[in-house]
Amino acid sequence: VEYLPETAAGTQNSGWSGPRALHGVWAQTSQHLLNWALRRNAPLVINSAGQDSDKIPRCKILSVPVVRDSGKVIGVLAFINPPFAPDYVDRHVYLARHLGLQAANVVEMQFDLMTGLYTQGALEQVYGGLADDSDGSACSLVYLDVDHMHVVNQVHGFEIGNELIVRIADLMSPPLLPGA
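Read in my numbering, the sequence shown has 65 at position 64, and its numbers run on one by one without any break.
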């Protein structure tokens with residue numbers, strides 16, 4: 002999960018080049034921020050990034066882990082501001098952590114984290130109105146419900162059952178048809 006706030010402020014002689022700089026900072030720091038979140042499971046506030054480096058533009062970064070109810074980090078929520086913006090303070094960290102929890106809830110409700118596929122509820126929400134919104138062009142939707150999965154889990158164990166679900170999901174990944 003990533004979030005880069007747009008800034009309406011000008012450069013104010015700071016060397017900040019607006020949205021392009023935001024994307025550059027994100028491209029250079031995203032993996033580092035995710036690694037920090039995975040290792041520390043803690044917020045990171047940098048109010049002087051790029052100060053001693055010409056590799057990234059000067060900026061301010063607030064990063065919080067996106068954490069499942071189980072405590073597992075599934076992503077990072079990052080806020081990147083220009084150097085002339087106010088410093089991030091404890092209140093910002095508190096609000097960002099709250100947004101990170103909300104983002105985790107949305108991800109868990111919308112996606113099966115083992116397969117990366119939509120949950121049944123999300124699938125119905127996303128594609129439920131497909132027939133109503135159709136402009137006359139042909140479209141298809143494949144929905145697969147694996148019956149009696151509990152038998153596989155009971156006979157072979159949950160690890161094999163999970164592997165079966167992941168393999169079915171891999172088979173369902175686009176493109177389903179050759180040349181599609």
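Using N, Cα and C, we set each Cβ at its ideal position, and we do this for glycine too.
Quick caveat, the model's predicted, so the values are computed rather than measured.
Use the C-beta contact count for residue i: other C-beta atoms within 10 angstroms, 16 or more gives buried, fewer gives exposed.
i     : result
Ala9  : Legend: pLDDT at Ala9 = 35, less than 50; position of this residue unreliable, no value from coordinates given.
Leu63 : buried
Arg1  : Residue 1 lies beyond the stretch modelled for the chain, which goes from 2 to 181, so this question has no answer here.
Out of curiosity, what's the CA-to-CA distance linking residue i and residue j?
i      : j      : result
Asn154 : Leu165 : 10 Å
Trp27  : Asp148 : 43 Å
Lys73  : Phe80  : 21 Å
Gly122 : Phe112 : 9 Å
Lys56  : Tyr144 : 47 Å
Asn106 : Gly51  : 33 Å
With DSSP as the reference, label residue i as helix, strand or coil.
i     : result
Leu45 : strand
Ala79 : strand
Leu63 : strand
Under 9 Å between the Cβ atoms of residue i and residue j?
i      : j      : result
Val77  : Leu23  : no
His93  : Val46  : yes
Val167 : Met110 : no
Arg98  : Val65  : yes
Met173 : Gly162 : no
Please look up how many angstroms separate the CB atoms of residue i and residue j, rounded, as I've assumed it's under 8 Å.
i      : j      : result
Leu142 : Tyr128 : 5 Å
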